[in-house]
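Below is one structure, written out as structure tokens; the observations come after it.
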Amino acid sequence: MVEGVELDKKKREFYDASVEIIRLIGINQIEEAKKLYNLYTNLYYEILPVLNEQEVSQYYQNLSQIYNRLKPYFAQKADVSEIKRHYKTEIDELYELIQEKGKITLKAVQSKFKIDRKKADEWATILEENGLIKINYSFFIGPILKKLS
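Using the working numbering, you'd call the opening residue of the sequence shown number 18 and step up by one each time.
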């Protein structure tokens, strides 16, 4: 827990960081400002338990004001969604394959993704447990991963 002289030092660091973040935004050094903002936020949560109610309010307002100045520079949900479209896991690819074909055998999954039976079972179970597919069992063919109707 932060107390006494150490608390005064942390409060000073907090103030200095806020001034520096605003300066960095002013000179368009946004990446540096964002990095410092992350440290600044951590510092806030570190000293929060020992602040009085008025200080908590004051420090929170300061944090919010700085966040609002940086907000336009943080990635927006739409930006992240666009990026995510380009990065898929193999389980995502398997799910899309099942949606496209309607069904696929576990053996075909092993062959297509070059994985062993255990890993293919694991992926199928993950998809089924999350309500994305149904696994049917055939005595002759083995497990069949099917698209939900």
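All C-beta atoms in this analysis are idealised placements derived from N, C-alpha and C, irrespective of residue type, glycine included. Being a predicted model, the structure only gives us computed values, none of them experimental.
Host beta strand (DSSP E) of residue i (start-end)
{"i": "residue 151", "result": "150-155"}
{"i": "residue 122", "result": "120-122"}
{"i": "residue 68", "result": "No beta strand (DSSP E) contains residue 68, which DSSP labels as neither H nor E."}
{"i": "residue 162", "result": "159-164"}
Contact under 8 Å by Cβ, residue i with residue j
{"i": "residue 7", "j": "residue 61", "result": "The requested residue 7 is not part of the displayed model; the chain covers only 18 to 166."}
{"i": "residue 143", "j": "residue 108", "result": "yes"}
{"i": "residue 152", "j": "residue 137", "result": "no"}
Identity of the residue in the options nearest residue i by Cα
{"i": "residue 156", "options": "123, 137, 143 and 127", "result": "123"}
{"i": "residue 17", "options": "127, 38 and 59", "result": "For residue 17 there is no data in the structure shown, the boundaries of the chain being 18 and 166."}
{"i": "residue 149", "options": "128, 125, 113 and 131", "result": "113"}
{"i": "residue 145", "options": "129, 111 and 133", "result": "111"}
Boundaries (first-last residue) of the alpha helix (DSSP H) holding residue i
{"i": "residue 58", "result": "47-64"}
{"i": "residue 32", "result": "21-43"}
{"i": "residue 142", "result": "134-146"}
Just checking, does the segment 115-132 make contact with the segment 70-79 on the three C-beta pairs under 8 Å criterion? No contact exists between the segment 115-132 and the segment 70-79.
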